[in-house]
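The structure under discussion appears below in the form of structure tokens.
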Amino acid sequence: MPYLRLKNVSKTMQLFHPKIINVMKRNQFKKIQQYIILAVLILLSACNTVKQVVLPETLKMPEKFNTVDAAPEEALGWKSIFTQSELDTLISKALKENLDMKSGIQRVLIAGADLHLSKAALLPTLRASVSGGLDQFGKYTMNGVGNYDTNFSENINADQKIPSPTPDYFAGFRSSWEIDVWGKLSKRKEAAYHRYLSSTKGLRWYQTQLTCQVASLYYELIALDKRLKILKENIKLQNKGLEVVEAQMTGGRATALAVSQFKAQRTATQGKQFEIRQAITRVENQMNLLLGRYPKEIRRDTSAINLPLPKKVYAGLPSAIILNRPDVQQAEEELKAAKADVSAARKAFLPSLTLDAYAGYNAFRLPLLFSPGSLAAGFLGGLTAPILNRASLKNANLVANATQLTAFYQYQQSLINGY
């Protein structure tokens, strides 16, 4: 029997001289040492990160813009600037119904969800697991020989005998946790946080642009209405003048050439009137596009053209307010996120420490799965480092560095545009 042969082998090993056994143990220990040294060398070679890219210097901001007074912060609210009720209604509707505005809100929600995902990556995962499998072990494998030999043991009962093929049932919980040893996951969370802030600043910037566009189109419509009114009055005057010239020609006091000149002037004015009406339709279509609706007439107060101009025009802005511009803040947050991505990409070259654990019921007989004797638990810790996939990590690092430089130049451009 195999079980008896193993016992005989163990008895034979006891006949060896103790010195021979010690030599065998030392040789085995040396092999283990060699494997450990090899593993450490591989890990150290994988820990070599790429060089960090240094960003160019930021352009120095001017100390003064001009000698004109700066605008106070409280004067920048659109409701304090645009006081017409019709315009107020249009701006409020645009901020609520504009489709790009709604898309921007969704981008903020997406960035917030990404931030929650990056935070969750720092925590251990816990999953409920129910699984079943079937294994047919070979006769010359450790599991095959061990199972065969175990079934001949007198220390097990009938329920503990291992069938062949061998089922494997599990019902319980599994957990995995990557320990953030080097701060890689924290940097990813930091990048997600700054991208969330960038999305909120971008939404504010679009709100500002949308408000300005609606107000600009509204006043353009009022100006076109005023021009159309003037042209209509001119056409009335030209009609009266044409009647006078025609009467004079009947009385012999004017020529046909004078009548033709008056008709040509009236026709030119009527052509301008048609152009103004086309321009009104075009501007109304642009306004309806901002309002997120199909073309329709825009209600407006033509008396707004007679509103008095501000007593004082603020042309200069201090650097503190420039840095508070939503577009500048958006670019700044994108730059911070890109820097965090670069740091995370560099730390991806370092080894990762992962802890895995499970607890539940495990058995090779389904009727015995939930018996007290089937309770099982396990724990495993592992240290892994990239070896063959370093090329992909290097490319990811190059992408992160290029993205960082792009964000830096966009930040510089936003500062220049702010002036």
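Under our numbering, the sequence shown has 408 at position 405, and the numbering climbs by one with no breaks. Cβ atoms here follow ideal geometry from the backbone N, Cα and C, with glycine treated the same way.
The beta carbons of Leu378 and Tyr364 sit closer together than 8 angstroms.
Beyond the five residues adjoining it in sequence on each side, Lys204 comes within less than 7 angstroms, by CB distance, of Pro329, Gln332, Gln333, Glu336 in the same chain, given in chain order.
CA-to-CA, the gap between Leu125 and Leu188 works out to about 6 angstroms. Contact fails between the region 239–252 and the region 290–298, because fewer than three Cβ pairs, one in each stretch, are under 8 angstroms apart.
Sequence-distant Cβ neighbours of Lys275 in its own chain, meaning closer than 8 angstroms and more than five residues away, are Leu234.
Rounded to whole angstroms, the gap between the alpha carbons of Pro127 and Glu181 is 7 angstroms.
Shown here, Asn365 sits in a strand according to DSSP, grouped into three states.
If you look at Leu396, you'll find it in the alpha helix (DSSP H) that goes 393–421. Buried is the label assigned to Ser346, since at least 16 other Cβ atoms lie within 10 Å of its Cβ. Beta-bridge partners of Val133 (DSSP): Ala174.
The C-beta of Arg198 has 16 or more other C-beta atoms within 10 Å across all chains shown, which makes the residue buried.
Residues of the same chain with a CB within less than 7 angstroms of the CB of Tyr209, apart from the 5 flanking positions on each side, are Asp103, Met104, Gly107 in chain order. Rounded to whole angstroms, the gap between the alpha carbons of Asn101 and Gln109 is 13 angstroms. For Thr144, no alpha helix (DSSP H) segment is defined, and its DSSP state is neither H nor E. Taking 8 angstroms as the upper bound for CB-CB distance, Pro354 and Ala388 are in contact here, some 4 angstroms apart. Proximity to Ser202 across Ile325, Leu112, Val217 peaks at Leu112, based on C-alpha coordinates.
In the DSSP annotation of this structure, the continuous segment of the alpha helix (DSSP H) that includes Leu240 starts and ends at 187–253.
Rounded to whole angstroms, the gap between the alpha carbons of Ala340 and Ala195 is 7 angstroms. Here Ala366 has Tyr172, Leu372, Ser377 as same chain residues with Cβ atoms under 7 angstroms from its own Cβ, once five neighbours each way along the sequence are excluded.
Setting aside the 5 residues that flank it on each side, Asn237 is surrounded in the same chain by Thr272, each with a C-beta closer than 7 angstroms to its C-beta; the list follows chain order. For Ser132, the closest alpha carbon among the candidates Gly175, Thr253, Ala116 is that of Gly175. The C-beta separation of Phe140 from Asn150 comes to about 6 angstroms, placing the pair in contact by the 8 angstroms criterion. Going by DSSP, Phe265 is part of the alpha helix (DSSP H) stretching over 259–293. Partner residues in the beta bridge of Glu181, as assigned by DSSP, are Thr357. Counting only the Cα atoms, Ala261 lies some 14 angstroms from Gly254.
Here Thr387 carries a strand assignment [DSSP, helix/strand/coil].
Taking 8 angstroms as the upper bound for CB-CB distance, Leu224 and Ile301 are in contact here, some 6 angstroms apart. In the three-state reduction of the DSSP assignment, Ala379 falls in the strand class. Closest in alpha carbon position to His119, among Gly135, Tyr222, Val148, Arg191, is Arg191.
Per the DSSP secondary-structure output, Thr169 pairs in a beta bridge with Asp138. When secondary structure is reduced to three states using DSSP, Thr153 falls in the helix class.
For Ala348, the closest C-alpha among the options Ile325, Asn400, Ser306 is that of Asn400. The C-beta distance from Val217 to Ile84 rounds to 12 angstroms, too long to fall under 8 angstroms, and the pair is not in contact.
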